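Student: The sequence shown runs contiguously to residue 382 in the working numbering.
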Amino acid sequence: MDWQTQFKVNYVMKRDAIVASIHLSRGKIEAARINVSQALLFVTIVALVPSILMMAYPSGTARLLGASEYLTPLVREYLLWFIPSLLFQMLCSVCLFIIRLDGAPKLAMMCNVMAALISVVLGYQCRIGSSALLTEATMAILMFVGNHVFMKYLGDNGVGAFGIACYYTPFVFMVGNAIAQSAQPIISYNFGLGYRNRVKATERIALLTAIVCGVVLTAAFSLFPDILVGLFINTENPAAKIAIDGFPYFSAAFVFFIFNLTVIGYYQSLEKMRHATVLALLRGFIFLIPSFILLPKIIGTHGIWLALCFSELLTTFTIAIIYGTGMLKRRARTPVAGNKAD
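Structure below.
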């Protein structure tokens with residue numbers, strides 16, 4: 041359940057970070073502080089409410105997320121130990137945003153790396169593996185719908201295979217999120233100052249980085265699925281065989297996945313919240329859920345693995361339409377004064 045809350049917090053924090061960056065660029069220090077305070081209050085409420093509900097109904101939460109009767113006791117045991125950390129994870133996310141806004145990205149990176157290293161060490165000491173490092177963020181709908189669909193078509197072994205993919209999905213998400221967040225302060229600040237050429241140059245670099253990272257990750261998951269799966273379970277396990285077969289199909293989404301995250305971050309940085317919200321809804325709900333339901337019926341079990349790719353591809357097409365429509369509108373307008381010089 042951490043993933044759903046983390047996704048919401050990241051979305052809200054980006055909005056607050058963008059507004060705060062623009063306020064800072066215009067010298068409105070007090071307004072920026074108010075935005076940060078509101079973010080802290082919001083995150084505290086958002087983390088506490090689901091935590092209390094999940095602690096009160098752990099078995100119901102496990103079944104809601106798609107756990108079978110066999111898996112429910114195991115999920116329940118994990119939730120009872122994991123949920124208390126949720127508030128602190130959310131507050132860490134807020135603090136990293138604040139540090140970056142304060143002009144100290146190296147300190148934010150150091151804090152992130154330290155937390156990751158401590159997680160790896162504690163994971164080893166507690167015998168739960170380094171996979172805990174990769175559980176900080178992912179798409180709630182991907183987990184929720186995917187679990188149910190895999191259970192329907194492939195049973196417990198299918199859910200186990202999808203679980204391995206979902207341990208890697210936060211890593212892919214964090215690559216795209218890192219690109220978007222790295223570009224966000226630069227884009228928002230220069231947008232506030234009116235330096236549009238710098239905004240465009242930064243976004244070009246971000247998009248190129250997103251494509252390169254997506255290609256590299258897709259190649260890794262397509263060429264070495266047995267190694268990646270073997271980091272979690274024995275490759276002779278039935279769930280491992282399903283995962284090894286499915287990883288190349290699943291990884292086809294990564295280029296579009298990271299690209300779309302970067303574009304959404306770009307629109308958020310320009311305060312185009314309508315575009316950003318629509319794209320987020322399309323990739324997380326409107327396209328993804330029908331893809332999970334329809335593709336397995338059309339092309340079989342491989343369609344489950346391709347659901348994310350199809351959803352992200354449709355979102356990329358939507359981005360192309362939005363961009364093309366925007367260009368046509370700009371060309372139709374009467375030319376205005378040039379951009380502010382760098």
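Just so you know, even glycine gets a beta-carbon here, dropped at the ideal spot from N, CA and C. Small disclaimer: the values here were computed from a predicted structure and weren't measured.
Starting from LYS68 and walking both ways along the alpha helix (DSSP H), at which residues does that stretch end?
Tutor: Segment: none, LYS68 is in no alpha helix (DSSP H) and carries neither H nor E.
Student: Would you kindly work out how many angstroms separate the C-alpha atoms of PHE128 and ALA155, rounded to a whole number?
Tutor: Each residue's Cα considered, the two are about 12 Å apart.
Student: Quick check: what's the CA-CA separation for ALA280 versus ILE158?
Tutor: If you take the alpha carbons of ALA280 and ILE158, they lie about 28 Å apart.
Student: In three-state DSSP terms, what is ILE362?
Tutor: Helix at ILE362.
Student: Return helix, strand or coil for THR9, following the three-state DSSP convention.
Tutor: Missing from the structure shown is residue 9; the chain here goes from 41 to 382 and no further.
Student: I need the boundaries of the alpha helix (DSSP H) containing ILE251, first residue and last residue.
Tutor: Element bounds for ILE251: 236-263.
Student: Below 8 Å on the Cβ atoms is my guess for LEU328 versus ALA316; work out the distance and round it to an integer in Å.
Tutor: With a Cβ gap of about 17 Å, LEU328 and ALA316 do not count as contacting.
Student: Taking a contact to mean a Cβ-Cβ separation below 8 Å, would you say ILE181 touches GLY324 in this structure?
Tutor: Yes, the Cβ-Cβ distance between ILE181 and GLY324 is below 8 Å.
Student: Short check: CB of VAL212 to CB of PHE294, under 8 Å?
Tutor: Cβ distance < 8 Å, so VAL212 and PHE294 count as in contact.
Student: Let me make sure I understand the geometry here. Which of SER125, PRO278, PRO265 has the alpha-carbon closest to that of MET94?
Tutor: Per the Cα distances, SER125.
Student: Take every Cβ of the stretch 337-351, pair it with every Cβ of the stretch 281-291, and state whether three or more of those distances are shorter than 8 Å.
Tutor: Contact holds: three or more Cβ-Cβ distances are below 8 Å.
Student: Between THR341 and TYR193, what straight-line distance do the alpha-carbon atoms span, to the nearest angstrom?
Tutor: When rounded, the distance between both Cα atoms is 7 Å.
Student: Does PRO265 pass the burial test, meaning 16 or more other C-beta atoms within 10 Å, or should it be called exposed?
Tutor: Under this definition PRO265 is a buried residue.
Student: Less than 7 Å separating the Cβ of VAL269 from some heavy atom of the ligand FAD?
Tutor: Summarising the ligand content, the structure contains no ligands, and the ligand FAD is consequently not present.
Student: Is the beta carbon of ILE304 less than 8 Å from the beta carbon of LEU321?
Tutor: Contact: no.
Student: Quick one: is ARG167 buried, meaning 16 or more other Cβ sit within 10 Å of its Cβ, or exposed?
Tutor: Confidence in ARG167 is poor, its pLDDT being 44 and thus under 50, which makes the residue's placement unreliable; the coordinate value appears in the next sentence. It is exposed - the Cβ of ARG167 has fewer than 16 other Cβ atoms within 10 Å.
Student: Could you give the first and the last residue of the continuous alpha helix (DSSP H) run that contains TYR307?
Tutor: Note, TYR307: alpha helix (DSSP H), 294-309.
Student: In the DSSP assignment, find the unbroken alpha helix (DSSP H) run with LEU334 in it and report its ends.
Tutor: Unbroken alpha helix (DSSP H) run through LEU334: 328-339.
Student: Looking at the secondary structure, which residues open and close the alpha helix (DSSP H) in which GLY286 lies?
Tutor: Element bounds for GLY286: 278-291.
Student: Could you give the DSSP three-state label for LYS146: helix, strand or coil?
Tutor: Correct three-state label for LYS146: helix.
Student: Measure the C-alpha to C-alpha separation of LEU80 and TYR207 and round it to an integer number of angstroms.
Tutor: For LEU80 and TYR207, the distance between alpha carbons rounds to 28 Å.
Student: So, is VAL269 buried or exposed, given that buried needs 16 or more other C-beta atoms within 10 angstroms?
Tutor: VAL269 should be labelled buried.
Student: Need the endpoints of the alpha helix (DSSP H) that THR317 sits in, please.
Tutor: Where THR317 is concerned, the enclosing alpha helix (DSSP H) stretches over 313-321.
Student: Check the C-beta distance from MET254 over to ILE298 and give it rounded, since I have them as a contact under 8 Å.
Tutor: For clarity, residue 254 is Gly in the given sequence; the question names Met instead. Going by Cβ atoms, the distance from GLY254 to ILE298 rounds to 4 Å, so yes, they are a contact pair.
Student: Is it buried or exposed, ARG140, if we count other Cβ atoms within 10 angstroms and call 16 or more buried?
Tutor: Buried, because 16 or more other Cβ atoms sit within 10 Å of the Cβ of ARG140.
Student: Compute the Euclidean distance between the alpha carbons of ALA260 and ILE267, then round it to the nearest angstrom.
Tutor: Cα to Cα, the separation comes out at about 10 Å.
Student: With the cut-off set at 8 Å, would you say ASN197 and ILE282 are in Cβ contact?
Tutor: Yes, Cβ-Cβ distance for ASN197 and ILE282 is below 8 Å.
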